Amino acid sequence: MNLEAVKLAAANNSWGALFPELMLACIALALLVFEVVLPRKQHRYIPDLAIIGVAFTLLGLFLNFDSASLDSETFNGLLHHDHAGQVMRVFFLLSALLVCVLARVSLAKRAVPRVEFSHLVLVITAAMMLLAQSSHFVMLFVTLETVTIGFYILVSYFRTSAASLEAGLKYLVMGALSSGLLLFGIVLLYGAAGNPALPMHSANAMHYRDLAAFLAANPHNFVASVGIVLVLAGVAFKIGAFPFQIWIPDVYQGAPTPVTAFLAVASKAAGFAVLLVLARDVFASYAWLVIPVLTLMAGATILFGNIAALTQHNVKRLIGLSGVSHAGFLLLGVVAAASGAAMATGAVYFYLFAYLIASFAVFGVMTHLAGADDSDQELEHYAGLAKDNPFLAAVLAVGLGSLAGIPPLAGFMGKLFVFIAAFQAGARWLLALAAAGVAISIYYYFGWLKAAFFESLAPSPDGPARPERTPVGFAAGLALSVLALGSILLGFYQGPLGQWLTLK
Amino acid sequence: MIHATLHAYVALSAALFAIGLLGVLIRRNTLVVFMCLELMLVASTLGLVAFSRFNGTDDGNVFVFFILTVAAAEVAVGLAIIVALFRKRQTIQVDELNTLKH
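Residue numbers (this note's numbering), protein chains in the order written: chain Z, 1 to 504; chain V, 1001 to 1102.
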């Protein structure tokens, strides 16, 4: 072993560039230490410490937003830090913060350990932040697996509930299957790009830049195209795109509501951050293959998600399938980005932020309406919500309105930007399909709102009773108001956020 | 002595991968499905080692260690979930796990 080479490699490890991730990891470990050290009476404060820790990490990230390591590679090309990476870091930290707030409400209803939940959320968040900045397939695979394995535990977290365990098993099988596809795709790409007989072959074939250079020199390599399709399929599983969306309704229904929110928002965004880099930059010279595959996937995803959501009565399945259709709209943005539309990347990020704000508002309301059996959340349970709790009903209206894309709300602007980008890219047919999808989606979102606003409580003596609603606490109330106001404000005025997301 | 070529290794790796994938899609016992998932990872590992040897680069070999670690973590969590589910439902047949169908 050459000692000089090791020293040279270590010189490139700038741990300072990973400050937010390291901070999260340290907080996550500290939480476990606190659980051992502190007396049992004080254990209920530990999840709050996690919330404070995430908030401070977010603050630190903002203070050091234009850090010196921006636009550079660290750890010998494993990570590439850029503006988009910083944006995604903020995104994941915000999701973690909101998940922890929702978990305070949701986990209190069952006798489950709460410290470990925060621990896992923080570890997964750190891994997702690294995932969004990875520029090497080893880094991509390891962080993606850290995220996925963490989610196996979180999905089956209510381990006395058959529904939660079953969802965990289904997610396990589907997640491992997608990892297998992704990994085999990486192997084929590595084998092709490292082949000494081919031009531009590389000794560092799993690095994005070297791989892109190889693909540009061999634009019709069979092994590489199979590899690309497998990698895209693996990522499509994570974002729940058709035909890899079969796990979504069951897993979303069985998982604890905060985990469903985390899966729907952060896990999906992580998939899109990866997909954007791969489709736009790394696989750019295979556009003849990537764009048709993604276009077909986007069209089918939009149609399937919206049509399947029409018949659902369980709100968790409903929001899961509507999330599939949102993945379709985001894929439309990715297709536009891969075809070279200038504003597509910024539009996808704006859509993700609008989706985060609106989704967490809806999930926040769902957490307050769920009973002890977390998978049993039917549309009928929302009857009379406007009369009993106008605050929750208003937040639900804003959140669902934004998800449906009703004009003055943030979700509308997100859809508009993505559609404009798709128009620039010339994806007319897909655009028509997406517009039809929006029209269908309004139907089921309004069915939900109708239950909350216009249906009165019909007490049926034979049917099972509606679960008791949880009163809104201070932290959750504050978070929900901020989210609802954010959806409204971002709809009217996108200035600073839009500018911040417009990537260099 | 016959030397196995790269093609033989890659063909074997692809065959193992296909067997694993088919097993996941066809078999009804969760444990067998889980074994097939591991087979898919092993197929990738074999492919990596073969390509690494043929290409003369070491990063494929190093990647194998990461995959082994990840697979071990996956098995630890996965078997825990299967055991907990079996205690709750007394079955691990995929067909009978239908609490979540509406």
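Quick reminder that beta carbons are idealized off the backbone N, C-alpha and C, glycines included. Bear in mind that the values here come from a model prediction, so they are computed numbers and not experimental data.
ask   = Any contact of the region 110 to 127 of chain Z with the region 24 to 32 of chain Z, i.e. 3+ C-beta pairs under 8 Å?
value = yes
inquiry  = At the level of alpha carbons, what is the spacing between Arg44 (chain Z) and Val33 (chain Z)?
reply    = 14 Å
task = Quick one: list the residues of chain V neighbouring Tyr349 (chain Z), beta-carbon separation under 9 Å, in chain order.
result = Near Tyr349 (chain Z) there are no residues of chain V at all, since even the closest Cβ is about 29 Å away, more than 9 Å.
task = For Gln253 (chain Z), name the three-state secondary structure that DSSP assigns.
result = Here DSSP, grouped into helix, strand and coil, assigns Gln253 (chain Z) to helix.
query = Beta-carbon of Ile1019 (chain V) versus every beta-carbon of chain Z: anything under 8 Å?
reply = no
ask   = Arg159 (chain Z) touches chain V at which residues, Cβ-Cβ below 7 Å?
value = Ala1084
query = First and last residue of the beta strand (DSSP E) that includes Leu79 (chain Z)?
reply = Leu79 to His81
inquiry  = What does the alpha-carbon distance come out to for the pair Leu1048 (chain V) and Met206 (chain Z)?
reply    = 11 Å
request  = Return yes when the Cβ of Leu58 (chain Z) is within less than 8 Å of the Cβ of Leu535 (chain Z), no when it is not.
outcome  = Beyond the ends of chain Z as shown, which are 1 and 504, falls residue 535 (chain Z); an answer cannot be given.
task = Give the residues of chain V in contact with Gly194 (chain Z), contact being defined as C-beta atoms less than 9 Å apart.
result = The answer, in chain order, is Phe1051, Ser1052, Phe1054, Asn1055, Gly1056, Thr1057, Asp1059 and Gly1060.
query = Using the beta-carbon count (16 or more within 10 Å), is Ile291 (chain Z) buried or exposed?
reply = buried
query = If you measure beta-carbon to beta-carbon, which residues of the region 1029 to 1043 of chain V are closer than 8 Å to chain Z?
reply = Thr1030, Val1033, Phe1034, Leu1037, Met1040, Leu1041 and Ala1043
ask   = Enumerated in chain order, which unbroken segments of the alpha helix (DSSP H) with a length of 4 residues or greater are wholly contained in the region 1022 to 1051 of chain V?
value = Secondary structure remark: continuous alpha helix (DSSP H) runs of at least 4 residues inside the region 1022 to 1051 of chain V: none found.
Closest by C-alpha distance to Met366 (chain Z), when choosing among Z:Gly333, Z:Tyr355, Z:Ala354 and Z:Leu400 = Z:Leu400
query = If we cut at 8 Å on Cβ distances, does Gly180 (chain Z) have a partner in chain V?
reply = yes
ask   = Under a CB-based cut-off of 8 Å, is Thr1099 (chain V) close to chain Z?
value = Chain Z, which has a Cβ nearer than 8 Å to the Cβ of Thr1099 (chain V), makes this yes.
Below-8 Å beta-carbon distance, Lys504 (chain Z) vs any chain V residue = Since pLDDT at Lys504 (chain Z) reaches only 41, below the 50 mark, its modelled position is unreliable, and the value read off the structure follows with that caveat. Chain V contact via Cβ: absent.
Continuous beta strand (DSSP E) stretch holding Glu21 (chain Z): start and end = Not the beta strand (DSSP E): Glu21 (chain Z) falls in the alpha helix (DSSP H), residues Phe19 to Val37.
request  = Report all residues from its chain with a CB closer than 6 Å to the CB of Met139 (chain Z); omit the five preceding and five following residues, and keep chain order.
outcome  = So the list reads Leu78, once near-sequence residues are dropped.
ask   = According to DSSP, is Gln1093 (chain V) helix, strand or coil?
value = strand
query = Using the rule of at least 16 other Cβ atoms within 10 Å of the residue's Cβ for burial, across every protein chain shown, is Gly1020 (chain V) buried or exposed?
reply = buried
query = Are the CB atoms of Ala425 (chain Z) and Ala344 (chain Z) nearer to each other than 8 Å?
reply = yes
request  = Provide the residue(s) that pair with Ser72 (chain Z) in DSSP beta bridges, ordered along the chain.
outcome  = Z:His81
ask   = Could one say the Cβ of Ala1011 (chain V) lies closer than 8 Å to chain Z's Cβ atoms, at least one of them?
value = no
request  = Step through the CB atoms of chain Z and report whether any lies within less than 8 Å of the CB of Met1001 (chain V).
outcome  = The predicted model places Met1001 (chain V) with a pLDDT of 48, which falls under 50 and marks its position as unreliable, so this point remains unresolved.
query = Within 10 angstroms of its Cβ, does Trp247 (chain Z) collect 16 or more other Cβ (buried), or is it exposed?
reply = Flag for Trp247 (chain Z) reads buried.
query = Helix, strand or coil: how does DSSP classify Glu455 (chain Z) here?
reply = coil
key: Supposed close pair Val235 (chain Z), Val155 (chain Z) - CB separation, criterion 8 Å   = Not really, about 19 Å apart at Cβ, beyond 8 Å.
inquiry  = Rounded to whole angstroms, what is the Cα-Cα separation between Leu63 (chain Z) and Pro219 (chain Z)?
reply    = 43 Å
message = Could you pull the DSSP bridge partners for Asn204 (chain Z) from this structure?
response = Looking at the DSSP assignment, Asn204 (chain Z) forms no beta bridge with any residue, so it has no partner.
message = Residues of chain Z with CB closer than 7 Å to the CB of Ala1073 (chain V), please, in chain order.
response = Ile149
query = Roughly how many angstroms separate the alpha carbons of Met200 (chain Z) and Ala216 (chain Z), rounded to a whole number?
reply = 9 Å
query = Near His80 (chain Z), what residues of its chain come up, given a Cβ to Cβ distance below 7 Å and the 5 sequence neighbours on each side ignored?
reply = Glu73, Gln133 and Ser135
message = Considering just the uninterrupted stretch of the alpha helix (DSSP H) at Pro47 (chain Z), what are its terminal residues?
response = Ile46 to Leu63
ask   = Beta-carbon of Gly1047 (chain V) versus every beta-carbon of chain Z: anything under 8 Å?
value = yes
task = Output yes if chain Z places a C-beta closer than 8 Å to the C-beta of Val1070 (chain V); else output no.
result = yes
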